[in-house]
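6 is the number of the first residue of the sequence shown in this note's numbering; add one for each residue after it.
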Amino acid sequence: MSRSDLGEWKEDQSIRVIEGDDRTHVIVKGQIYMSWEPGDEGARRLAIVQLYENGMGTQEQLAEAFGVHVNTVQKYLTGFALEGSGTLVSQRRGPRSGWKLKPHVRSKILAIVFLEGVEGVKAIQARLREGWHEDISLPSIRQVLGENGLLHEGCLHGRSEGDHGDLFDRDEGGQLDLDLDCDENSDGWFLSDAAWGCAEKEKPGMPIAAGISLRARSGYSSAQRVYIDRLEQGDYNAYAGGLLFAPLLEQYEFLPTLKRVIDIPTHEGYSLEELCLTLLYADVFGFRSMEDFKRAYPEEFGVLIGRAQSPSVFTLRRFLHKVRELDKSEALIDEFAVSYLKHGLAEWGVMYIDGHFLPYHGIYPIKKGWHGVRQVPMKGSYNFLAVDEGFRPWLFLIRSSSEDLLQKIP
Numbered sequence: 006m007s008r009s010d011l012g013e014w015k016e017d018q019s020i021r022v023i024e025g026d027d028r029t030h031v032i033v034k035g036q037i038y039m040s041w042e043p044g045d046e047g048a049r050r051l052a053i054v055q056l057y058e059n060g061m062g063t064q065e066q067l068a069e070a071f072g073v074h075v076n077t078v079q080k081y082l083t084g085f086a087l088e089g090s091g092t093l094v095s096q097r098r099g100p101r102s103g104w105k106l107k108p109h110v111r112s113k114i115l116a117i118v119f120l121e122g123v124e125g126v127k128a129i130q131a132r133l134r135e136g137w138h139e140d141i142s143l144p145s146i147r148q149v150l151g152e153n154g155l156l157h158e159g160c161l162h163g164r165s166e167g168d169h170g171d172l173f174d175r176d177e178g179g180q181l182d183l184d185l186d187c188d189e190n191s192d193g194w195f196l197s198d199a200a201w202g203c204a205e206k207e208k209p210g211m212p213i214a215a216g217i218s219l220r221a222r223s224g225y226s227s228a229q230r231v232y233i234d235r236l237e238q239g240d241y242n243a244y245a246g247g248l249l250f251a252p253l254l255e256q257y258e259f260l261p262t263l264k265r266v267i268d269i270p271t272h273e274g275y276s277l278e279e280l281c282l283t284l285l286y287a288d289v290f291g292f293r294s295m296e297d298f299k300r301a302y303p304e305e306f307g308v309l310i311g312r313a314q315s316p317s318v319f320t321l322r323r324f325l326h327k328v329r330e331l332d333k334s335e336a337l338i339d340e341f342a343v344s345y346l347k348h349g350l351a352e353w354g355v356m357y358i359d360g361h362f363l364p365y366h367g368i369y370p371i372k373k374g375w376h377g378v379r380q381v382p383m384k385g386s387y388n389f390l391a392v393d394e395g396f397r398p399w400l401f402l403i404r405s406s407s408e409d410l411l412q413k414i415p
């Protein structure tokens, strides 16, 4: 486009935008101020900002010249002032929820899987990008596969309910080796690779990912498994180490034992399992009281119980008061004792104590029980829980002797 094609200049119109077939020009007082290729929205927004910043036009004049609302001009100016020119460049957005996935995108994903035999979520994503120039996120691809029966619950786990892998394996250097990846030839489906092995048993002809290495994930909730998937990409969580306890708690029936005694299905939106796990992990991470638990990060701590956030201190206090009203503390101790015996964690025995039972609670000998919250010695407790040097549980239920031991001792 030559200068003669820009049209006759009008004195009362200081800013003009002329859109040609090959270039778009901004004319300021008869001179070409800026030009760009048609469709370059970032350059168009930058021109609006620069014209205003250099005092060449008001917001109203720019809105009229560029054919946008004055509020849009204000938005460009505010974004540029806060974060620079990066806010003016349009970012291509992937689908964030199911309703944004169009039918033709879903059909392409399934065609890649069934017709082309592509294996792995990342491989499907790469094929969409190369073949159809569709940039679809990994969670969206997993969603489509799940809706079509490729990611059902049994295949997520890959093991029976009672079968658990060992997350405490050690490598050659003696370090704990938490294997979160599939086989080295696989791209790490996590929530997808395991589905191929299960689907093969149900639907002949389905492709199978070669060398799938299924690890023990059945002890984790769905939120925990999603977190581990994010952990592979470098996500941070201050309480991630607590996930190592999940298979252990499943193996020794921690939650089923609690449910057999405490009959509280839900409390303020949280299940009994979630509340009990919160109390357990609070003790594991060294929170000495309910008040101290206020220091926890609810968003990160919630991963341990499979929720977006952990229960508040007030919810936990009300839950504990509700448990206290049941008056089943000794029944709960008995139930755990039976569970310990079944799993070989403890042995049955009877101990006769002549005199006062004085358990040792710390580096200083005391004659009373120690209150963990108030940090003062108090008496009145008849139940004591402890572990020995081998970390074997000791459960003491104190009872008065039914017979006079002095008469029994010669």
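Ideal Cβ placement from N, Cα and C applies to all residues, glycine included. Remember, predicted model here, so these are calculated numbers, not experimental data.
Item	Value
A342 beta carbon less than 8 Å from that of V266	no
Proximal residues to V94 (C-beta, below 6 Å), its chain only, five neighbours per side dropped	G47
Span separating the alpha-carbon of R323 from that of L280	11 Å
Pairwise C-alpha distance: Y244 and D332	32 Å
Beta-carbon proximity of M61 to I32, cut-off 8 Å	no
E394 - DSSP class collapsed to helix/strand/coil	coil
Neighbour-count burial assignment, R49, 16 or more Cβ in a 10 Å radius	buried
Sequence-distant residues of the same chain with beta carbon closer than 6 Å to L282, five excluded per side	I310
For V289, the nearest candidate out of E305, F250 and S276 (CA to CA)	F250
Inter-residue CB distance, S145 and L106 (contact presumed, cutoff 8 Å)	6 Å
Simplified DSSP assignment, three categories, for E24	strand
Distance between beta carbons of E258 and S344, contact taken as under 8 Å	6 Å
Touch test, the region 345-355 against the region 299-318, Cβ-Cβ under 8 Å, three pairs minimum	no
Environment of Q130 [buried if 16+ CB atoms lie within 10 Å]	buried
Within 8 Å, strictly: CB atoms of K127 and L150	no
N76 in three-state terms, based on DSSP	helix
Distance between beta carbons of L263 and L277, contact taken as under 8 Å	7 Å
8 Å Cβ cutoff met for N388 and F401	yes
DSSP-derived helix/strand/coil call for H157	Low local confidence applies: a pLDDT of 42 at H157 is under 50, so the model's placement there is unreliable, with the coordinate-based value given in what follows. Residue state, collapsed to three classes: coil.
Whole-angstrom distance between L87 and D186, CA atom to CA atom	Only weak support exists for where D186 lies, its pLDDT of 44 falling under 50; the value from the coordinates is given anyway. So the two alpha carbons sit approximately 41 Å from each other.
C-alpha distance - T320 paired with T92, whole-angstrom precision	42 Å
Within-8 Å CB hit, R111 to chain D	The question asks about chain D, but that chain is absent: this structure has only one protein chain.
V22 vs F85 beta-carbon contact at 8 Å	no
K34 CB to nearest heavy atom of the ligand HEM below 7 Å	Of the ligands one can find in the structure shown there are none, so the ligand HEM has no counterpart to examine.
Simplified DSSP assignment, three categories, for V318	helix
Proximity of I53 and V75 at Cβ, strictly below 8 Å	no
Paired residues, beta bridge with Q36 - DSSP	V33
3 or more residues per run - each beta strand (DSSP E) lying fully within the region 297-353	none
One or two residues paired with Y275 in a DSSP bridge	H272
Through-space distance from L390 to P398, alpha-carbon basis	7 Å
Cβ neighbours of E394 in the same chain (closer than 6 Å, five flanking residues each side left out)	none
Alpha-carbon to alpha-carbon, D339 and W353	12 Å
8 Å CB neighbourhood of S64 in its chain, flanking five on each side removed	For clarity, residue 64 is Gln in the given sequence; the question names Ser instead. Only Y57, V75, V78, Q79 and L82 meet the Cβ criterion.
Cβ-based burial, R300 [other Cβ within 10 Å; buried from 16]	exposed
Backbone CA spacing between R132 and H109 [nearest angstrom]	15 Å
Rounded separation between N242 and F292 - CA only	17 Å
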